[in-house]
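Colleague: Got a structure here, written out as structure tokens. Questions coming.
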Amino acid sequence: MSLPPVLEKIDSDLDAAMERLMTFLRIPSISTDPAYKAEVDRAADWLVTDLKSIGIAAEKRATPGHPMVTGQIGADLPEGTPHVLFYGHYDVQPVDPLDLWDTPPFEPEIQDGPHGPVIRGRGSSDDKGQLMTFVEACRAWAAVHGTLPCRITFFFEGEEESGSPSLVPFLKEHADELQADLALVCDTSMVARGVPSISSQLRGMVKDEFTIVGPRIDLHSGHYGGPGLNPLRELSKIVASFYDDETGKVAVEGFYEGVHEVPEDQLRQWQNCGFDEQEYLGGVGYTQAHGEKDYSALEQQWARPTLEVNGLWGGYNGAGSKTVIPSEAHCKITCRLVGDMDPAALRDKIRKHVEDRLSVDAKVIWDNDLDGAPASVMNLDRPEFEKARGALSDEWEREAVFAGMGGSIPVVGYFKTVLGLDSMLVGFANEDDAIHSPNEKYDVKSFHKGIRSWARILDALSR
41 MSLPPVLEKI DSDLDAAMER LMTFLRIPSI STDPAYKAEV DRAADWLVTD
91 LKSIGIAAEK RATPGHPMVT GQIGADLPEG TPHVLFYGHY DVQPVDPLDL
141 WDTPPFEPEI QDGPHGPVIR GRGSSDDKGQ LMTFVEACRA WAAVHGTLPC
191 RITFFFEGEE ESGSPSLVPF LKEHADELQA DLALVCDTSM VARGVPSISS
241 QLRGMVKDEF TIVGPRIDLH SGHYGGPGLN PLRELSKIVA SFYDDETGKV
291 AVEGFYEGVH EVPEDQLRQW QNCGFDEQEY LGGVGYTQAH GEKDYSALEQ
341 QWARPTLEVN GLWGGYNGAG SKTVIPSEAH CKITCRLVGD MDPAALRDKI
391 RKHVEDRLSV DAKVIWDNDL DGAPASVMNL DRPEFEKARG ALSDEWEREA
441 VFAGMGGSIP VVGYFKTVLG LDSMLVGFAN EDDAIHSPNE KYDVKSFHKG
491 IRSWARILDA LSR
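Sequential numbering of the sequence shown, starting at 41, is according to the numbering used here.
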């Protein structure tokens, strides 16, 4: 099967592909809000119908929450043909605050942008636009050749933006039918505009929350100010102790166990990937990086662990003044994990750090309902990664890079632990796509070249 006519088909069919995406984007598939349950269901139906139009045996699969969409194609291909599992999610984030949108979020438009035309609307980048780049590549292959170069299992989730409560049970129940050689995931971005990227690692996550308790009730600060222990002051002291101001490192004992340095060949790619540190920092109002002193902003974001305070509250927060010593003070924290860091062991170290620093008459209460997940490190020794990197380099006429990611994509870990699958993450979003925010957009160039990129990757993987 020849690749050039497939690329020509993609180019000639771009307008129709754009209209299909716009129709998909008009469905307000907000998974976290029960008021939109029927719309999430409608989006799943739309996907099933679209996949069937390509010749894919697709169906909507019920779960206790929102449905999954699965599909199969290529079972009749010769034995030994590569088999990939492609994952995306069709649900989207809520649109609040609505008054910050310049256009209605579910009435997508093509608009002029600073780098070319963009598709404006909720889900355009995260993840409907990205998902459809792969579907459209498959459509072109099927239209030209009547089949695809690889066997493909499609797996689309409707709960990614609401915590994926049905995901792991579904994976376990249907593990046999979801088996493949490799999982492909499209919910990622390029490291810089025009720089094709394959994610080499994802940071893991630990979440925790604690309450410092002092007196049994709020106290009058005139009666107890001085002799009374103030939980807010206690909490401030503990939070400050998390960090070493000289080095920028986290000061929790044992925090860096399992952290590894980045190999030199990956550092070389990162240093030449087009990432603009000043633009990255200045775009949000920073003048310098504030993490570990011996690492660049890119290394801090992709390859170093963090401990962040996400919320602090207690006492009186209303208008005016209320002269109290509060009974309680509260703190939410998250840690981003890298390498072989153990989430459970790290949580224990943080809790010990807090408990060892409590003053007399202060108590700590931990929230035991919060969880964590380890980092994911991709198996770059697999030949598929270099094949895909070559395909992306050819399409974008620029060396594709193996890039880290500062965030977490839990499904990648679940694919490994439940299905035993390695994952390859390729996406075409840009940092200014405003995912999860008002005025989300996806560059038309990302959509067009994303389709062409997947067509090339499928061709490369088949060889």
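Every residue, glycine too, gets a C-beta built ideally from N, C-alpha and C.
Where does W353 land, buried or exposed, given buried means 16+ other C-beta within 10 angstroms?
Modeller: exposed
Colleague: Between the segment 260 to 280 and the segment 385 to 400, do three or more beta carbon pairs fall short of 8 Å?
Modeller: yes
Colleague: Starting from the C-beta of K92, find all residues in its chain whose C-beta is less than 7 Å away, skip the five residues before and the five after it, and write them out in chain order.
Modeller: A98
Colleague: A232 and S316 - do their beta-carbons sit closer together than 9 Å?
Modeller: This sequence places Asp at residue 316; Ser is not what is there. Result yes, Cβ atoms of D316 and A232 sit closer than 9 Å.
Colleague: With distances taken Cα to Cα, identify the nearest neighbour of P383 among L347, V364, G358.
Modeller: L347
Colleague: Give the straight-line distance between the Cα atoms of G325 and P450, rounded to the nearest whole angstrom.
Modeller: 30 Å
Colleague: For S31, which of V349, K389, L117, S486 has the nearest alpha-carbon?
Modeller: This structure gives no information on residue 31, because the portion of the chain shown stretches from 41 to 503.
Colleague: Which residues in the same chain as I96 place their Cβ atom closer than 6 Å to its Cβ, once the five residues preceding and following it in sequence are excluded?
Modeller: So the list reads G111, I113, once near-sequence residues are dropped.
Colleague: Which residues mark the beginning and the end of the alpha helix (DSSP H) in which W436 is found?
Modeller: It spans 423 to 436 - the alpha helix (DSSP H) in which W436 sits, taken as one unbroken run.
Colleague: Determine the contact status of C371 and M245, defining contact as a CB-CB distance below 9 Å.
Modeller: no
Colleague: Name the DSSP beta bridge partners of K252, please?
Modeller: For clarity, residue 252 is Ile in the given sequence; the question names Lys instead. For I252, which the question treats as bridged, DSSP gives the partners A369, V404.
Colleague: Which parts of the segment 140 to 166 are runs of the beta strand (DSSP E), unbroken and 3 residues or longer, counting only runs that do not cross its ends?
Modeller: 149 to 153, 156 to 160
Colleague: Going by C-alpha to C-alpha distance, which of P145, I238, L420 sits closest to C313?
Modeller: I238
Colleague: Find out if the Cβ-Cβ distance for the pair S502, L432 is shorter than 9 Å.
Modeller: no
Colleague: Expressed to the nearest angstrom, what Euclidean distance is found between the alpha-carbon atoms of D116 and P209?
Modeller: 29 Å
Colleague: Would you report the Cα separation of G169 and L61, rounded to the nearest angstrom?
Modeller: Their backbone Cα atoms lie some 7 Å apart in a straight line.
Colleague: Pull the bridge partners of A232 from the DSSP assignment, please.
Modeller: V235
Colleague: How would you label P236, buried or exposed, when you count the other beta carbons within 10 angstroms and need 16 or more for buried?
Modeller: P236 should be labelled buried.
Colleague: Can you tell me whether R387 is buried or exposed? The criterion is at least 16 other CB atoms within 10 Å of its CB, across all chains shown.
Modeller: buried
Colleague: Where does D396 sit, in a helix, a strand or coil, going by DSSP?
Modeller: helix
Colleague: In the DSSP assignment, find the unbroken alpha helix (DSSP H) run with T110 in it and report its ends.
Modeller: Element bounds for T110: not the alpha helix (DSSP H) but the beta strand (DSSP E), 108 to 113.
Colleague: Report the option in S261, H300, E249 whose CA atom is closest to the CA atom of A343.
Modeller: H300
Colleague: Could you say if the segment 122 to 142 and the segment 153 to 172 meet the contact criterion of at least three C-beta pairs nearer than 8 Å?
Modeller: Contact annotation: the segment 122 to 142 touches the segment 153 to 172, with at least three C-beta pairs closer than 8 Å.
Colleague: Going by DSSP in three states, V417 sits in which element: helix, strand or coil?
Modeller: strand
Colleague: Rounded to the nearest angstrom, how far is the Cβ of Q470 from that of R160, given a contact under 8 Å?
Modeller: It should be pointed out that residue 470 corresponds to Asn in this sequence rather than to Gln. About 14 Å separates the beta carbon of N470 from that of R160, a gap too long to meet the 8 Å contact definition.
Colleague: Please classify L171 as buried or exposed, where buried requires at least 16 other C-beta atoms within 10 Å of its C-beta.
Modeller: buried
Colleague: Count the other CB atoms within 10 Å of the CB of L138; is the residue buried (16 or more) or exposed (fewer)?
Modeller: exposed
Colleague: Name the DSSP bridge partner or partners of W494?
Modeller: Note: W494 sits in no beta bridge, so no partner.
Colleague: Please list, in chain order, all residues of the same chain as T228 whose beta carbon is under 6 Å from its beta carbon, the five residues on each side excluded.
Modeller: Apart from sequence neighbours up to five positions away, the residues of its chain that approach T228 with a beta-carbon distance below 6 Å are S239, L465, G467, ordered along the chain.
Colleague: For F253, collect the residues of the same chain with a Cβ closer than 8 Å to its Cβ; drop the 5 residues on either side in sequence, then sort them by chain order.
Modeller: The sequence given here places Val at residue 253; Phe does not occur at that position. The answer, listed in chain order, is P271, S367, E368, A402, K403, V404, I405.
Colleague: Could you check the C-alpha separation between I257 and K247 for me, to the nearest Å?
Modeller: 28 Å
Colleague: What is the rounded straight-line gap between the Cα of D499 and the Cα of H214?
Modeller: 28 Å
Colleague: Which of the three DSSP states, helix, strand or coil, is assigned to M41?
Modeller: coil
Colleague: Strictly by DSSP, which residues pair up with F126?
Modeller: F194, L224
Colleague: Under a Cβ-count criterion, where at least 16 other Cβ atoms within 10 Å of its own Cβ denotes burial, should P308 be classed as buried or exposed?
Modeller: At residue 308 the sequence reads Arg, which differs from the Pro that was named. With fewer than 16 other Cβ atoms within 10 Å, it is exposed.
Colleague: So, is G379 buried or exposed, given that buried needs 16 or more other C-beta atoms within 10 angstroms?
Modeller: The residue is buried, with at least 16 neighbouring Cβ atoms inside 10 Å.
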